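To start, the structure under review is shown below, and the notes come after it.
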Amino acid sequence: MSYETEQLGHFWPIFQGQNYVGRQGAVQGLDIEIAHPTTSSRHALLVAAARPGRVLLEDTGSTNGTAVADVPLNPGEKRELQDGDRIRFGLFSVIVKIV
35 MSYETEQLGH FWPIFQGQNY VGRQGAVQGL DIEIAHPTTS SRHALLVAAA RPGRVLLEDT
95 GSTNGTAVAD VPLNPGEKRE LQDGDRIRFG LFSVIVKIV
């Protein structure tokens, strides 16, 4: 995933298995830490499956919601991500880049 705060962007790798997304410094065990006040402490879960390029996103009951291409996910709902998808964790947006 990438976030374009600077010219070259900021990247977080997603590893096979479970990758927890949450607010930076809020809880231990996060794989992707986001420094934004609208991101919940344990906001979402990304699961990279064994099949190359398959990534599922699940909202884990966040306060400010998770959306893919501006379509909100219900808590516990899973959605498969595609290269170029824009994800919103609260009001913080990232772009998925699958390589």
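Numbers 35 to 133, taken from the numbering used here, label the letters of the sequence shown in order.
Just so it is clear, CB atoms sit at the ideal spot from N, CA and C, and this is done for glycine as well.
Note that this is a predicted model, so its numbers are computed, not measured.
query: Counting Cβ pairs, one atom from each stretch, are 3 or more of them under 8 Å apart for the region 102 to 112 and the region 44 to 53?; result: no
query: Using the DSSP secondary-structure output, state which residues sit across from T94 in a beta bridge.; result: DSSP, once it has assigned bridges, lists no residue as partnering T94.
query: What three-state label does DSSP hand A101 in the structure shown?; result: strand
query: As a quick exercise: from Q50, S75 and G99, pick the residue whose alpha carbon is nearest that of E111.; result: G99
query: Nearest-angstrom Cα distance between L79 and G87?; result: 16 Å
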